[in-house]
Structures are given as structure tokens and as C-alpha cells.
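**Student:**
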Amino acid sequence: MPQRLPPLPDEEWDDRTRQALSALLPRRLRNEQGAGPAIGALARHPDLAEVFLPFSTYVLFKSSLSPRLREMVTLRVARRRDCAYEWAQHLPLARQAGLSDAEIEAAAQGKAADPLESLVLEAVDELEIDSTLSDATWDALGARLDERQRMDLVFTVGTYALLAMVFNAFGVPAEPEGEGHDH
12 MPQRLPPLPD EEWDDRTRQA LSALLPRRLR NEQGAGPAIG ALARHPDLAE VFLPFSTYVL
72 FKSSLSPRLR EMVTLRVARR RDCAYEWAQH LPLARQAGLS DAEIEAAAQG KAADPLESLV
132 LEAVDELEID STLSDATWDA LGARLDERQR MDLVFTVGTY ALLAMVFNAF GVPAEPEGEG
192 HDH
């Protein structure tokens, strides 16, 4: 499928567009090539990009979840939602967070050897299926995660579910692993 919303062409980038993307992209990447296919598509709607990108940047970089848990959650959502772009973007991040290839594939299937990681992946599945967590899951998470971490978990699942919808609906192509700058 061709990309329905291709990156904004360089000649259409203006100061407003560059400012809207400043929360995520350094100045040198605020152009069609540097932004990549997903953020480049968001450049078509600076008002939306300006409010969404700081939030998604929080989820990616400042969340109270460990990078390892965050990436396991993201990969599980990407696999459940069949989002090749999200998967490709997060594979290198998962490896940087210390996940082995076997752990990455297990997480994609909703499985982990560690009890907390397994519980978090079960929570992803509950949220994806029911849009809520059972009392048992919420309480089990509460025994291992504080209130803010549980909140960040729910927002991480929701954010990457939304992004999977965005990437799939806009036709953002998966890039070769390690390329691009989107999340």
C-alpha cells in the first residue's frame, strides 16, 4: 500500500511546522528526509503535532517504567496490532534496553520468564481486549509497581495502540531496522 500521507515535501516546511516538531526533533532533522515517514506525515498538521509530540516523547523517554518494560509493552502492542513500522522502530530500542532476540520474540507473543514482565504483558493483553484491567491484575501490578508506574503502563499501551493505528492508517512503511527517527 502506498503511504497515504507521505512526508511533507521540503518546500512546504515553514517555521510553524519546524516549531511544532521541536519537542521531538533537533533542528537538523526538521525536514522531509530527517523527520522520516511518520513524523514527516505529522508535519502536515502542525497544530496536532505540537500537542501530541511532547506527550508521546514523555511516554518514550520520561515514563516511570523502565526502558525494558516500556519496550516489551510497545513490541507486544505492535505485534497485536500488526504494525510493521512500530515494530521496526522499537526493535533497536528493545535491544538497547537489554532484551535478547529470544526475549523480544517471547514478548511479542505475550510471554516472559520474569514474573513482573509476564504480568505486564498480561496487562497489555487485557487492555487491548477489554480496554480495562481486572481488579486482580491491577492489584497484582500494585504489588510490584507504584501508582505512577501503573498509570504510565496504561498510557504506554494506549499511546502505542494509537500510534499503531496512525501508522497503519496513514500507510507508513516499515523501514529497515535502525533507520528513521520516529517512534
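Under the numbering used here, think of the first position of the sequence shown as 12, with each following residue one higher. Note that beta-carbon positions come from the ideal geometry of N, C-alpha and C, so glycine has one too.
Go ahead and label residue 109 buried or exposed: buried means 16 or more other beta carbons lie within 10 angstroms of its beta carbon, across all protein chains shown.
**Tutor:** exposed
**Student:** Between residue 132 and residue 92, how many whole angstroms is the CB-CB distance? I'm expecting something under 8 angstroms.
**Tutor:** About 15 angstroms; that fails the 8 angstroms criterion.
**Student:** Could you check the C-alpha separation between residue 76 and residue 127 for me, to the nearest Å?
**Tutor:** 12 angstroms
**Student:** Let me know if residue 204 comes out buried or exposed under the rule of 16 or more other beta-carbons within 10 Å of its beta-carbon.
**Tutor:** Outside the displayed range of the chain (12 to 194) lies residue 204, so it cannot be described from this structure.
**Student:** Buried or exposed for residue 103, going by 16 or more other Cβ atoms inside 10 Å?
**Tutor:** Residue environment for residue 103: exposed (fewer than 16 other C-beta atoms within 10 angstroms of its C-beta).
**Student:** Scan the segment 28-73 and note each continuous alpha helix (DSSP H) run of 4 residues or more that stays entirely inside, going in chain order.
**Tutor:** 43-53 and 57-68
**Student:** Please report the straight-line C-alpha distance between residue 175 and residue 32, rounded to a whole angstrom.
**Tutor:** 19 angstroms
**Student:** Check for me: the alpha helix (DSSP H) holding residue 78 runs from which residue to which?
**Tutor:** 78-91
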